[in-house]
Each structure stands twice: as C-alpha cells, then as structure tokens.
Ligand code: NAD
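Numbering (the working numbering), first residue to last: 250 to 727.
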C-alpha cells in the first residue's frame with residue numbers, strides 16, 4: 250500500500266526549563282527532604298536523566314500534612330466558595346497559558362506522544378479546573394444538603410499514565426469542596442506535578458492548600474496511613490488499592506479507589522467497520538495502552554471477524570512509533586523498564602498458552618523502552634492475556650455469536666471499569682449498556698473523557714466516582 254513518508258516534526262524542548270533538582274512543595278515553598286534522599290527521573294524514550302527529585306520520608310509527609318491541616322483550619326475552610334472558585338479559575342487559566350510547556354514536559358517524563366499530551370491531557374486538565382471552579386460557589390445545589398461540609402485534609406496518590414490529568418482529577422474537586430491536599434505523584438513521572446506546584450505559587454494559592462511530596466511506594470504508604478489525613482484518594486493498581494483499603498479500614502478515613510480494568514470493546518456485525526477500527530485503535534493504542542479503561546479485549550461478532558481483523562491490520566501498519574516529541578508520532582515509549590518487562594512477560598505467556606501474536610512491521614528505537622502495537626488472535630477466556638491487565642499496547646481478540654454471549658464474555662472479568670459497544674442499532678446499545686457491569690459504557694466511540702461525567706469502577710476496578718456531580722461526594726462529609 251503506498252504510504253506517505255513524514256518528515257520529522259519535533260516539538261521544541263526549549264519551551265521547558267528543567268531544574269537540576271527539585272525539593273518538596275510544602276506550605277507554599279520548595280524545601281529539601283529531611284533525610285536528604287533523592288531519585289532520578291528519566292525520559293523513557295531515551296533513558297536520559299531529566300532531573301533529580303527528592304524522596305520524601307515520613308518526617309516530610311508529616312510536615313506536609315501539618316501544613317495542609319493548618320491551611321485547612323485557618324484559611325481554606327474559612328473562605329467562601331466564590332473566593333475558592335477564583336483560585337481554581339486562576340489555576341485553570343495558567344494551565345492554558347502554559348499548555349505547550351506542560352505538554353512537552355509530560356511527553357518528556359512519561360513518553361506519551363506530544364499529540365496526545367497537547368490535544369488530550371493538558372486541555373482536560375484545564376477543563377477539570379474550570380469545571381470545578383464552577384461548582385465551588387454552588388455546592389448547596391449539588392444534592393448533598395444545604396451546606397455540605399468538607400472533610401479536611403486529603404491524601405492523594407496517583408499513577409504515571411496521565412500524570413497531570415490524574416492530579417487535576419484529584420486536586421480540583423478536593424479544593425472546590427473546601428479541602429486541602431497532600432498529593433504524591435508516581436515516582437517515574439513527578440515533573441508535571443512539580444510544575445503544578447509552581448502554578449500554585451503563581452496563582453497565589455494560600456500556602457499549605459496544595460502540598461506535593463515526591464517519592465515511591467513508601468512515601469505513598471506514609472501518606473495514606475498518616476493519622477492526620479481525613480480522606481484518601483488513590484488511583485493505581487488493584488494490588489496497591491487493596492493494601493490501602495486494608496491499611497485505612499481501622500480508621501475513619503473516607504477512601505476512594507480508582508483501580509485497574511480489562512475492558513471489552515464489542516463490535517457487532519452491523520457496525521460501520523472503518524469507524525469501529527478507529528475506535529479499536531484508539532481503545533488500546535492510545536497512550537501505549539497505559540490506560541486503566543483501555544479496550545484491551547476486542548469482542549467481534551463471528552460473522553465480521555475476518556473483515557474487521559483485515560481492516561485492523563491494515564490500519565495498524567500505518568501507525569508511527571517513535572520520538573514522543575515528534576508531532577507525527579502515534580505510539581510513544583513505554584513508561585518504564587519495569588512496565589516493559591511486565592508487557593513482555595504477559596505477551597510471552599499469551600504465545601505459550603497458544604494464542605497467535607501479530608505486530609505490524611515496525612522498527613523500534615535502540616535506546617529507551619519500546620513495545621510494538623500487538624494483536625493476539627485465537628484468544629480464549631481462560632488465557633491470562635484475556636484476564637489480566639497488561640497495561641500496554643496489546644490487544645486480545647475474542648469472538649461471539651449472540652448479544653447474550655457478548656454480555657457474558659464482557660462481564661467475565663474481575664474488573665468493571667469500562668466497555669465499548671459498536672452497532673448501528675440504538676436499541677442494542679441500550680440493551681447492552683443495561684447489562685454490562687462497567688462504570689462507563691461508550692457507544693460507537695471509546696476513551697472519551699469529560700469533567701462533567703462521573704468515572705469509576707465496579708468490582709476490582711475500585712469504588713467511588715471522579716468527575717461530575719457524583720465526584721464531589723468523595724470530598725464531602727456525607
Ligand atoms: P501502582 O499501584 O504501582 O502505583 C500507583 C501509585 O501508588 C504510585 O504513585 C505509587 O508510588 C504508589 N504506591 C505504590 N505502593 C504504594 C503503597 N503501598 N501505598 C501507597 N501508595 C503506593 O500503579 P501504577 O503501576 O503506577 O499504575 C498503573 C495502574 O493504575 C494500572 O493498574 C491502572 O489500571 C491503574 N489506573 C487506574 C485508573 C483509574 O482511574 N481507575 C487510572 C489510571 C491508572
């Protein structure tokens with residue numbers, strides 16, 4: 250098939266000014282850690298060291314929680330909603346002003362294509378702050394009573410797949426509802442959270458309302474188990490979510506967990522094939538498949554299996570993998586060596602269990618962490634690649650004959666975060682949506698996010714909702 254060759258179109262790194270090292274953002278300023286420990290954050294596309302970041306220990310977490318408590322009691326909880334709204338609007342506008350810089354920084358630290366950080370992540374970050382700014386002075390109309398009370402200090406822990414967006418999902422509703430926060434970004438992607446700390450300074454946010462502590466699992470554990478925290482909000486793996494739920498069980502902390510997923514993307518025989526194929530590609534290859542709600546299980550009606558697969562293979566051959574900062578790139582780098590090892594291991598298990606593996610011809614860069622878009626066919630429900638979250642650019646294809654079989658297979662998972670349905674029939678969409686045990690069901694589209702729409706899971710995908718009116722509940726004492 251004739252194909253255009255694209256000349257490189259790299260976004261400039263010059264818009265980002267990285268410091269050599271970063272302290273912890275506590276009480277409105279950056280300060281060194283108490284025990285002087287630090288770690289490096291690298292670009293997963295090149296393995297180049299980007300900066301050194303402080304590893305917060307328990308004493309640092311304690312300083313941050315104390316600052317957040319003081320800010321809650323003396324400043325933030327005293328402000329009327331319309332004053333809090335002004336800060337949130339200000340933050341949203343600064344995010345928009347710095348959109349290009351933030352997008353480049355996110356792509357550098359995470360490895361995701363600039364096209365995605367520029368067109369999806371950063372605009373959604375601003376949208377979340379705008380949306381919640383709008384709520385801050387209207388909370389009495391949210392359906393949680395005439396004067397819903399904030400909880401106090403929120404301890405928030407986020408993953409590396411959408412670093413700044415997950416920060417926005419956590420911080421915007423917490424602040425709108427009147428809480429103060431201590432947030433820990435993931436250890437492989439701390440840089441945009443630290444840039445956000447600078448945005449808080451620029452917005453003149455009162456000291457202590459937002460505190461950012463960097464570090465890995467131990468820092469996260471110190472934060473969620475700290476007795477001064479009233480609310481724990483976690484997004485990450487089901488395994489760590491379970492540990493956190495256990496650790497918080499004896500306390501009065503309010504907990505919300507946004508965990509993993511193994512979504513079914515279900516294509517019926519009457520679906521427009523080209524659109525469905527775009528949706529399948531977006532469902533699993535967006536953000537290298539590092540998406541909790543990724544459509545990692547494709548269920549195709551048997552009668553259109555050959556047509557859909559042929560079209561999918563043709564489309565995958567046109568994906569461009571490479572430099573995340575190149576504006577033509579569709580598939581960027583895998584976020585870390587550890588994640589790459591996990592994707593490789595599960596893919597090998599897929600082959601060993603008898604599924605057929607296919608990738609388009611695709612040259613992988615020598616440096617950095619890379620995995621080609623991969624499709625497994627001949628997958629059965631019993632295969633590990635049909636049951637476990639791979640969190641990478643790997644699609645497992647299964648077939649079905651009847652709608653009832655599609656529902657049964659789609660729900661046959663410990664998770665329940667999202668699902669997609671492709672059909673021309675509106676009645677079929679409603680029939681399916683009422684039977685699928687998933688927090689979000691997309692119809693003839695996939696991976697669409699909006700701050701007004703609640704997002705969250707069933708079963709092992711966690712509990713609680715983020716976004717929309719429903720998401721506010723997590724930050725109220727109700
Ligand atoms: P992870 O659970 O290993 O880490 C998530 C965060 O928790 C990181 O900041 C990490 O440092 C911290 N952490 C690790 N151990 C901890 C502990 N014992 N106590 C407190 N904090 C701890 O997950 P990950 O590999 O970074 O992220 C990938 C996972 O996140 C996937 O399973 C994915 O499905 C899930 N995810 C879910 C959503 C959602 O909204 N449901 C969104 C994004 C990612």
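From the three backbone atoms N, C-alpha and C, an ideal C-beta is built for every residue, glycine too.
{"query": "Is the closest heavy atom of the ligand NAD to the C-beta of residue 710 under 7 Å?", "result": "yes"}
{"query": "Please give the ranges of any alpha helix (DSSP H) in the region 533-595, keeping only runs that are unbroken, at least 4 residues long and fully inside the region.", "result": "554-565"}
{"query": "Quick one: Cα of residue 560 to Cα of residue 682, how far?", "result": "26 Å"}
{"query": "Below 8 Å on the Cβ atoms is my contact criterion, and I expect residue 371 with residue 344 to pass it. Report the Cβ-Cβ distance as a whole number of Å.", "result": "7 Å"}
{"query": "Is DSSP giving residue 612 helix, strand or coil here?", "result": "coil"}
{"query": "Let me confirm a value: residue 323 is counted as buried when at least 16 other C-beta atoms fall within 10 Å, else exposed. Which label applies?", "result": "exposed"}
{"query": "Who are the Cβ neighbours of residue 394 in its own chain at under 8 Å, not counting the five residues just before and after it?", "result": "727"}
{"query": "Roughly how many whole angstroms lie between the Cα atoms of residue 643 and residue 365?", "result": "19 Å"}
{"query": "Roughly how many angstroms separate the alpha carbons of residue 407 and residue 481, rounded to a whole number?", "result": "11 Å"}
{"query": "Per DSSP, what kind of secondary structure is residue 258 in: helix, strand or coil?", "result": "coil"}
{"query": "Using a Cβ-based criterion (distance less than 7 Å to any ligand heavy atom), does residue 441 qualify as near the ligand NAD?", "result": "no"}
{"query": "According to the neighbour-count rule (16 or more other Cβ atoms, all chains shown, within 10 Å of its Cβ), is residue 615 buried or exposed?", "result": "exposed"}
{"query": "Measure the alpha-carbon distance for residue 584 versus residue 396 and round it to whole angstroms.", "result": "43 Å"}
{"query": "Kindly indicate the opening and closing residues of the alpha helix (DSSP H) around residue 330.", "result": "330-346"}
{"query": "So, with DSSP's three-state summary, where would you put residue 696?", "result": "coil"}
{"query": "Name the one or two DSSP bridge partners that residue 524 has.", "result": "Per DSSP, none; premise fails for residue 524."}
{"query": "What three-state label does DSSP hand residue 451 in the structure shown?", "result": "helix"}
{"query": "Is the closest heavy atom of the ligand NAD to the C-beta of residue 436 under 7 Å?", "result": "yes"}
{"query": "Would residue 523 and residue 400 qualify as a contact pair, given that the criterion is a beta-carbon distance under 8 Å?", "result": "no"}
{"query": "My understanding is that residue 415 touches residue 484, with C-beta atoms under 8 Å, so please give their C-beta distance in whole angstroms.", "result": "5 Å"}
{"query": "Output needed for residue 678: all residues of its chain with C-beta closer than 7 Å, excluding positions within five of it in sequence on either side, in chain order.", "result": "670, 672, 692"}
{"query": "Using a Cβ-Cβ cutoff of less than 6 Å, which residues in the same chain neighbour residue 638 once the five nearest sequence positions on both sides are dropped?", "result": "509, 511"}
{"query": "Where residue 342 and residue 377 are concerned, what is the direct C-alpha to C-alpha distance, given to the nearest angstrom?", "result": "11 Å"}
{"query": "Less than 7 Å separating the Cβ of residue 410 from some heavy atom of the ligand NAD?", "result": "yes"}
{"query": "So does residue 486 have its beta carbon nearer than 7 Å to some heavy atom of the ligand NAD?", "result": "yes"}
{"query": "Taking residue 649 as the reference, give the member of 633, 549, 719 with the closest Cα.", "result": "549"}
{"query": "To which residues of the same chain is residue 645 closer than 6 Å at the C-beta, ignoring the five residues directly before and after it?", "result": "546, 625, 628, 634, 635"}
{"query": "Buried or exposed, going by whether 16 or more other CB atoms sit within 10 Å of the CB of residue 503?", "result": "buried"}
{"query": "Hey, would you say the C-beta of residue 407 is under 7 Å away from at least one heavy atom of the ligand NAD?", "result": "yes"}
{"query": "Measure the C-alpha to C-alpha separation of residue 405 and residue 421 and round it to an integer number of angstroms.", "result": "12 Å"}
{"query": "Go through its chain and collect everything with a Cβ distance to residue 428's Cβ below 8 Å, but skip five positions before and after it.", "result": "321, 325, 399, 400, 401, 402, 403, 479, 480, 724"}
{"query": "When every heavy atom of the ligand NAD is checked, does at least one fall within less than 7 Å of the C-beta of residue 344?", "result": "no"}
{"query": "Please specify which runs of the beta strand (DSSP E), each continuous and at least 3 residues long, are wholly inside the region 389-448, giving them in chain order.", "result": "402-406, 429-433"}
{"query": "Using the C-alpha atoms, what's the distance from residue 431 back to residue 353?", "result": "25 Å"}
{"query": "Quick one: is the Cβ of residue 473 within less than 7 Å of any heavy atom of the ligand NAD?", "result": "yes"}
{"query": "Let me check you understand the geometry: is the CB of residue 640 closer than 7 Å to at least one non-hydrogen atom of the ligand NAD?", "result": "yes"}
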